[in-house]
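K.L.:
There are 2 protein chains.
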Amino acid sequence: MLISKQITLKSRPQGMPVGENFELVEIEVPDARDGEVLVQNIYMSVDPYMRGRMRLDFPVGETLAGGALGKVILSNHPNFAEGDYVNNGYGWREYFLSDGAGLSKVDETLAPLSTYLGVMGMPGLTAYGGLLVTGEYKDGEAVFVSAASGAVGSVVGQIVKIKGGTVIGSAGSDEKVDQLLNEFGFDHAFNYKTADPLAELRRGAPDGIDVYFENVGGEQLEAALTHIRPYGRIPICGMIAHYNDHGQLTAGPRNLTETIYKFVQLRGFVVSAFGSQREQFLKDMSSWIESGQMKYHETVYEGIEKAPEAFIGLFTGSNNGKMLVKLSDA
Amino acid sequence: MLISKQITLKSRPQGMPVGENFELVEIEVPDARDGEVLVQNIYMSVDPYMRGRMRLDFPVGETLAGGALGKVILSNHPNFAEGDYVNNGYGWREYFLSDGAGLSKVDETLAPLSTYLGVMGMPGLTAYGGLLVTGEYKDGEAVFVSAASGAVGSVVGQIVKIKGGTVIGSAGSDEKVDQLLNEFGFDHAFNYKTADPLAELRRGAPDGIDVYFENVGGEQLEAALTHIRPYGRIPICGMIAHYNDHGQLTAGPRNLTETIYKFVQLRGFVVSAFGSQREQFLKDMSSWIESGQMKYHETVYEGIEKAPEAFIGLFTGSNNGKMLVKLSDA
């Protein structure tokens, strides 16, 4: 009998998630019936948005879910063959059976497999759609992105540069700031823990910013509202500063009135909005990777046992680029 | 020599504006030269947005400005005749000379003159454009409007009803709540000083709201973010709770993260955005007034000397509907 190790949500995190919120269990995987495929996950993703779902809708006591990249190792389904690589929503487990719903085949010749959880996957499409669709970015504009060294932020910044704009990024350490400037080609970058965001925005974009790609909230959002130009757009991808709020919620920006005379728009979004952009995205992104214009980093933990640690690490800044857990060899 | 009494900004208000921030002066008006018209104002408007401009850009020591409705009493300009009524931006004064720029003739047969500063004027167009254009209101949706008994809010609510939707309004006294329900035809209304906004929204629109027409900020915005439906829109017309902030700014909504999964959009605007809707607006609004579907109230102070008192009264709730100052007879 095949055994799948998986991670369940033992209890809802109160504030910052801790190891005790998770439990490693072993599940027997039944034989694949007609119309089913058996998938072995190779990589799984951990992402900040999961924190919200742990508070809201992931059932306690059940295996968590999330993006993963697996290989079909047995198929009783006409549309899938053994050896197919599939993006799936069944992370946090080693093996699973599926009737094919929600599996999408990926082309392993276009880009490395792990990138389908990063620049070629959800974070990449989040950056691409959030900037170009929700943020209505126009070539040559000035963009500020917070959490800029992360899986989404670093792609946002590089797309701005590819499309001829100016990009300012913030990150939480001097090493990351250095990476933004010297690897990802940002025009200006600062450490939000030690610098004054508004002063940095004025330095990096003296005439104002057109788009603020929001990942953080708090003081950086206030600075962006103050320094944004008329008709500026603020796509709200996340507000990581608020995810671990517990009891007392963190106050929002004190200067939302800035939106009025400047006709500024704030708009929340999640990646599911960009289904119709996906094909163009894969084409653009693979060519940018190929040409060397799109760089990426991965932090890879090994083994399903390390998944909670990898997830918690997102909130303590222990990743450099996309945080992944490797569950098996390709 | 013609003397015009006018009101200057003596000092910038610190927090709530007070009488000492204003000064009544008398100015000699020169003779109209070729190409100029002499206008006598009949009504002037006081509006909450002026508070922001007193803090920011109205020059200290100079006559204030704002919407007014006047009559051409002498014309050396080919496009204007004596007796023409003109909307103009030269409020806070009895007489002025103009080369015609910024004057727009109004049709006194369509609606009463004073309404061109109210339902047929800037507040009306603000409501119309803010709801239909910025708020992307679709027939039948559920709308929450704060400061609902004001010049803008009461029009928003009535347009929603004319277009088949559900409208909830908040106001600052039980009398105003009564007026919303019994005169303006709101479906639900509450006194924000004594009621819990979120509980009231749940009562008035159990399935959620689609649009929050934002005039106030604070707790009502938080309740709206919580109770708004996916793809909801929040046109930001004003945040009167924040205008008189002094020193310590008031915190913003703690739950902006609600925007993310619900794809909610917040968007600031001012009436200047709706120039291309103006013609349709005047047509719609005059027919709604004519048919009795659009009701309005005016609070009229008499004499230029009373203008500061009228303006300050906006922030203490002493108006019922559009606040006007009458400067002369038509």
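As you go down the protein sequences, you meet chains A and B in turn. To convert a position in the first sequence, counted from 1, into this note's numbering, add 1020. To convert a position in the second sequence, counted from 1, into this note's numbering, add 1020. The C-beta atom is built at its ideal place from N, Cα and C for all residues, glycine as well. As the structure is a prediction and not an experimental result, all values here were calculated from the model.
1) Counting only Cβ pairs nearer than 7 Å, list the residues of chain A close to residue 1272 (chain B).
2) Does the contact criterion of 3 or more C-beta pairs under 8 Å hold for the segment 1308-1315 of chain A versus the segment 1306-1318 of chain B?
3) Can you tell me where the alpha helix (DSSP H) with residue 1231 (chain B) in it begins and where it stops?
4) If we ignore side chains and look at the alpha-carbon of each, how far apart do residue 1060 (chain B) and residue 1106 (chain B) end up?
5) Output the residue ranges of the alpha helix (DSSP H) runs that lie fully inside the segment 1035-1068 of chain A and measure 4 residues or longer, sorted by chain position.
6) In chain A, what lies closer than 8 Å to residue 1293 (chain B) by C-beta?
7) Mind listing the chain B neighbours of residue 1042 (chain A)? Cutoff is C-beta to C-beta under 7 Å, in chain order.
8) Strictly below 7 Å CB to CB, what residues from chain B border residue 1151 (chain A)?
9) Could you work out which residues of chain A lie near residue 1287 (chain B), taking near to mean beta carbons separated by less than 9 Å?
10) Who are the near neighbours of residue 1259 (chain A) in its chain, counting only those whose CB is closer than 6 Å to its CB and skipping five residues on each side?
11) Could you name each continuous alpha helix (DSSP H) segment of 4 residues or more that falls completely within the segment 1253-1337 of chain B, going from the start of the chain to the end?
12) Could you check what DSSP says for residue 1089 (chain B) in three-state terms: helix, strand or coil?
13) Pull the bridge partners of residue 1182 (chain A) from the DSSP assignment, please.
14) Give the residues from the segment 1243-1256 of chain B that approach chain D closer than 7 Å (Cβ to any Cβ), ordered along the chain.
15) Is it the case that the CB of residue 1280 (chain A) approaches a heavy atom of the ligand NAP more closely than 6 Å?
16) Taking the continuous beta strand (DSSP E) assigned at residue 1346 (chain B), which residues delimit it?
17) Please list the terminal residues of the continuous beta strand (DSSP E) segment that includes residue 1105 (chain A).
18) Applying a beta-carbon distance threshold of less than 9 Å, which residues of chain B neighbour residue 1290 (chain A)?
19) Could you check the C-alpha separation between residue 1126 (chain B) and residue 1156 (chain B) for me, to the nearest Å?
20) Which of the three DSSP states, helix, strand or coil, is assigned to residue 1208 (chain A)?
21) Please state the DSSP three-state secondary structure of residue 1135 (chain A).
22) For residue 1078 (chain A), which residues does DSSP report across the bridge?
23) Just the Cα atoms here: how many angstroms apart are residue 1103 (chain A) and residue 1256 (chain B)?
24) Would DSSP call residue 1170 (chain B) helix, strand or coil?
25) In chain order, what residues of the same chain lie with their CB nearer than 7 Å to the CB of residue 1095 (chain A), ignoring the 5 residues before and after it?
26) Taking the beta carbon of residue 1303 (chain A) as the centre, do at least 16 other beta carbons fall within 10 Å, making it buried, or is it exposed?
27) Report the residue from A:1053, A:1030, A:1046 whose alpha carbon sits nearest the alpha carbon of residue 1075 (chain A).
28) Just mark residue 1040 (chain B) as buried or exposed, buried being the case when its beta carbon has 16 or more other beta carbons within 10 Å.
29) So, helix, strand or coil for residue 1154 (chain B), using DSSP?
30) Taking C-alpha atoms, which residue in A:1064, A:1341, A:1036, A:1062 lies nearest to residue 1203 (chain A)?
31) Assess contact between the segment 1157-1165 of chain A and the segment 1227-1236 of chain A, defined as three or more Cβ pairs (one per stretch) separated by less than 8 Å. Is contact present?
P.N.:
According to the structure data:
1) 1271, 1272, 1273, 1274, 1276
2) no
3) Premise fails: residue 1231 (chain B) lies in the beta strand (DSSP E), 1229-1233, not in any alpha helix (DSSP H).
4) 10 Å
5) none
6) 1283
7) Result: empty, since nearest Cβ-Cβ is about 23 Å, beyond 7 Å.
8) Those within 7 Å of residue 1151 (chain A) in chain B number zero; the least Cβ separation is about 16 Å.
9) 1279, 1283, 1284, 1285, 1286, 1287
10) 1237
11) 1260-1263, 1278-1282, 1298-1311, 1327-1333
12) strand
13) Its beta-bridge partners do not exist; DSSP assigns none.
14) The question asks about chain D, but that chain is absent: this structure's protein chains are A and B.
15) Summarising the ligand content, the structure contains no ligands, and the ligand NAP is consequently not present.
16) 1342-1346
17) 1105-1108
18) 1280, 1281, 1283
19) 28 Å
20) strand
21) helix
22) DSSP, once it has assigned bridges, lists no residue as partnering residue 1078 (chain A).
23) 53 Å
24) coil
25) 1057, 1101, 1102
26) exposed
27) A:1030
28) exposed
29) helix
30) A:1341
31) yes
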